[in-house]
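S.K.: Residue numbers (this note's numbering), protein chains in the order written: chain A, 1 to 209; chain B, 210 to 664.
Shown below is the structure under consideration.
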């Protein structure tokens with residue numbers, strides 16, 4: 001399964017409806033593809049190209065720029081250890097080295113059973129909680145080496161499946177704009193001056209003249 | 210200068226476990242700022258924000274009200290894009306604001322859209338922040354249901370949709386034109402300015418305001434309490450309150466909302482309510498005052514206030530409110546390498562000085578750390594820096610479309626000019642530096658400059 005399933009296609013169309021130009025939905029749709037398959041397949045990119053009115057090459061061009069999109073299968077759990085400056089000086093590199101030992105793989109690779117992929121990542125905005133890591137983009141702050149091992153055990157034992165979904169699923173709550181509340185997209189090719197601005201135009205910083 | 214008892218403006222709800230819910234938000238004065246804004250003319254809301262002298266909190270520190278005024282008259286639609294792509298190393302505040310008080314951000318977005326006349330808003334949240342995405346999605350859904358967003362908000366003629374958009378992992382997208390490219394579905398390569406100043410030609414080449422999360426989070430308070438009340442806090446050009454993340458070798462690392470302009474670095478690093486001093490009774494060696502892109506400061510700068518203009522005169526910046534503290538045991542060569550590696554990895558590749566320069570800086574630093582450094586390497590590093598940012602001055606000269614390249618040169622110049630002996634210890638031989646480095650933070654400012662900054 002690589003093109004969007006009927007359910008995901010509905011989600012994709014809802015996402016598309018929120019942008020004045022379809023191409024803007026490229027990144028959200030790549031996330032949706034990754035949620036469906038765990039990684040971004042060529043067929044999914046072809047489907048996204050159809051939906052956004054672009055070409056598969058254009059979708060690939062965007063996809064390949066962004067760190068989070070994986071164009072080959074990765075582990076169920078993507079373990080991202082931060083080694084940037086605040087973490088580095090608080091033991092982030094030691095944590096990464098320990099993770100390599102515990103998982104038996106080098107950063108950038110996946111365990112043979114396909115459970116874990118380990119990455120050495122840039123700052124993830126938890127600098128005061130160093131050293132820190134993310135598993136499928138769920139944080140662990142101020143993590144010790146022993147806590148890392150316990151985390152790996154818990155993940156292997158399936159104890160954290162409620163908190164940490166399999167790789168690909170990002171936010172589990174999606175935005176829905178109710179039809180009766182929607183203001184609608186602002187068409188870049190021609191939208192009038194907003195009524196609330198026009199009503200006060202003579203006083204409004206020369207906003208219309 | 211001291212620790213002040215000024216009221217918390219944007220972190221006021223952080224103490225509640227349900228701070229992210231609509232119920233808590235409304236129970237603590239939420240959406241009152243929007244109500245107050247809707248009772249005014251849009252132009253008067255702009256004036257209120259100009260009176261507040263709210264400096265942008267993303268990094269560049271440009272006054273928000275002035276930025277809004279750059280939209281060309283009569284050109285519509287206008288868009289608002291929220292920059293929630295927080296990823297400058299050392300920076301941790303926008304994620305907290307999005308996770309803990311999403312409605313405050315949403316209310317700020319609505320006020321900005323009303324004031325500027327934006328017909329649609331896009332809230333760009335960094336891809337790696339799954340919890341922030343969930344909290345904002347829930348908050349948007351609840352706020353739509355309650356009539357705070359969408360068509361005819363609060364029964365007025367003000368209508369706007371806010372669209373939540375997830376990023377996918379790229380530091381460069383924090384640069385506003387790179388963010389707009391990303392939002393259009395492209396690789397996040399920055400655009401040339403001019404002509405692509407977002408306020409004139411932004412999203413879909415329409416007038417677009419790009420504001421940082423923390424900047425917008427201040428708006429409900431400003432509209433409710435008045436711009437003058439905001440401007441009464443702080444000093445000189447730095448008004449109101451500001452979030453600073455203090456990380457590294459302090460006893461009590463944390464994110465603190467402090468009075469801008471008057472609180473000093475010493476307060477933030479040493480006061481028991483903030484950093485609490487250097488851990489383990491060690492001495493302070495250096496600190497980064499504003500994120501990885503900012504030239505470093507040293508113990509002699511501790512009594513300087515967190516005031517944008519004053520810090521600028523020292524040859525560095527408060528940037529994104531990220532202070533990273535190094536104690537006396539820190540290996541400054543390795544710290545320098547790690548920062549440079551970041552910029553090398555994150556360079557988008559569009560401009561040659563940055564793409565090639567950051568890569569070579571990393572390779573040379575790697576060979577020094579690996580024990581294969583040469584005495585001429587320090588001059589070579591600075592020469593590469595000089596080709597990315599001519600003169601190594603402050604404000605930095607730019608040979609590239611965006612400031613990423615020049616940012617990579619600051620840790621190199623900071624580390625070499627101050628800790629040359631540490632590099633020489635790795636290299637095993639003395640080095641001679643002939644490249645001229647002009648930035649005052651790199652060259653130790655004269656005592657009278659320091660004295661003026663402390664006053």
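Ideal Cβ placement from N, Cα and C applies to all residues, glycine included.
Note that the structure is predicted; figures quoted are calculated from it, not measured.
#1: Is there a Cβ from chain B that is less than 8 Å from the Cβ of residue 77 of chain A?
#2: Would you call the segment 337 to 348 of chain B and the segment 136 to 156 of chain A touching, i.e. three or more CB-CB distances under 8 Å?
#3: If you draw a straight line from the alpha carbon of residue 365 of chain B to that of residue 441 of chain B, how long is it in whole angstroms?
#4: Could you check whether the Cβ of residue 45 of chain A sits closer than 8 Å to any Cβ belonging to chain B?
#5: Can you pull the chain A neighbours of residue 614 of chain B, defined as C-beta to C-beta under 7 Å?
#6: Can residue 543 of chain B and residue 578 of chain B be called in contact, C-beta distance under 8 Å?
#7: Return the residue from the list B:311, B:345, B:500 and B:352 that minimises the CA-CA distance to residue 171 of chain A.
#8: Is the distance from the Cβ of residue 557 of chain B to the Cβ of residue 381 of chain B below 8 Å?
#9: Along the chain, where does the alpha helix (DSSP H) containing residue 288 of chain B start, and where does it finish?
#10: What in chain B is Cβ-close to residue 61 of chain A, meaning under 7 Å?
#11: Using the beta-carbon count (16 or more within 10 Å), is residue 86 of chain A buried or exposed?
#12: Using three-state DSSP, classify residue 226 of chain B as helix, strand or coil.
#13: Just checking: is the beta-carbon of residue 257 of chain B within a distance shorter than 8 Å of some beta-carbon in chain A?
#14: Assign residue 112 of chain A to buried or exposed, taking buried as 16 or more other Cβ atoms, counted over all protein chains shown, within 10 Å of its Cβ.
#15: Going along the chain, which residues of its own chain have a beta-carbon closer than 6 Å to the beta-carbon of residue 500 of chain B, five neighbours each way excluded?
#16: Beta strand (DSSP E) containing residue 327 of chain B: first to last residue?
#17: Would you call the segment 313 to 330 of chain B and the segment 278 to 290 of chain B in contact, with 3 or more CB pairs under 8 Å?
#18: So within the segment 127 to 166 of chain A, which uninterrupted alpha helix (DSSP H) runs reach at least 4 residues, ignoring any that extend past its ends?
#19: Would you identify the three-state DSSP class for residue 559 of chain B, choosing helix, strand or coil?
#20: Take residue 507 of chain B as the anchor and find which of B:517, B:534 and B:515 has the nearest alpha-carbon.
#21: If you draw a straight line from the alpha carbon of residue 259 of chain B to that of residue 241 of chain B, how long is it in whole angstroms?
#22: Using DSSP bridges, identify the partner residues of residue 514 of chain B.
#23: For chain B, is any of its Cβ atoms less than 8 Å away from the one on residue 109 of chain A?
#24: Please check the pair residue 622 of chain B and residue 601 of chain B, which I expect to be a contact at CB under 8 Å, by giving their CB distance rounded to whole angstroms.
#25: Residues of chain B with CB closer than 7 Å to the CB of residue 213 of chain A, please, in chain order.
#26: So, for residue 217 of chain B: in the same chain, excluding its five sequence neighbours on each side, which residues have a beta-carbon less than 6 Å away from its beta-carbon?
#27: If the cut-off is 8 Å on Cβ atoms, which residues from the segment 451 to 475 of chain B count as contacting chain A, listed in chain order?
#28: Might you give, ordered along the chain, the residues of its own chain that have their beta carbon closer than 7 Å to the beta carbon of residue 626 of chain B, omitting 5 neighbours on each side?
#29: Find the nearest neighbour of residue 141 of chain A within the set A:59, A:82, A:39 and A:50, judged by alpha-carbon distance.
#30: Cβ of residue 304 of chain B less than 8 Å from any chain A Cβ?
#31: Counting contacts by CB-CB distance shorter than 8 Å, is residue 97 of chain A in contact with chain B?
#32: For residue 551 of chain B, which three-state DSSP category applies?
#33: Taking Cβ positions only, does residue 368 of chain B come closer than 8 Å to chain A?
#34: Mind the definition here: the segment 400 to 412 of chain B touches the segment 55 to 63 of chain A only if three or more C-beta pairs lie below 8 Å; say whether that holds.
#35: Along the chain, where does the alpha helix (DSSP H) containing residue 232 of chain B start, and where does it finish?
#36: Looking only at DSSP bridge pairs, what is residue 89 of chain A linked to?
M.R.: The structure says:
#1: no
#2: yes
#3: 32 Å
#4: no
#5: Within 7 Å Cβ-Cβ: nothing; residue 614 of chain B doesn't reach chain A, min ~17 Å.
#6: yes
#7: B:345
#8: yes
#9: Premise fails: residue 288 of chain B lies in the beta strand (DSSP E), 287 to 293, not in any alpha helix (DSSP H).
#10: 396
#11: buried
#12: coil
#13: no
#14: exposed
#15: 297, 299, 300, 528, 529 and 531
#16: 327 to 334
#17: yes
#18: 145 to 156
#19: coil
#20: B:534
#21: 20 Å
#22: B:473
#23: no
#24: 5 Å
#25: Nothing can be reported for residue 213 of chain A: it is not among the residues displayed for chain A, which extend from 1 to 209.
#26: 466
#27: 454, 455, 456, 457, 458, 462, 463 and 464
#28: 646, 651 and 652
#29: A:82
#30: yes
#31: no
#32: helix
#33: yes
#34: no
#35: 231 to 236
#36: Answer by DSSP bridge pairing: none, since residue 89 of chain A is not bridged.
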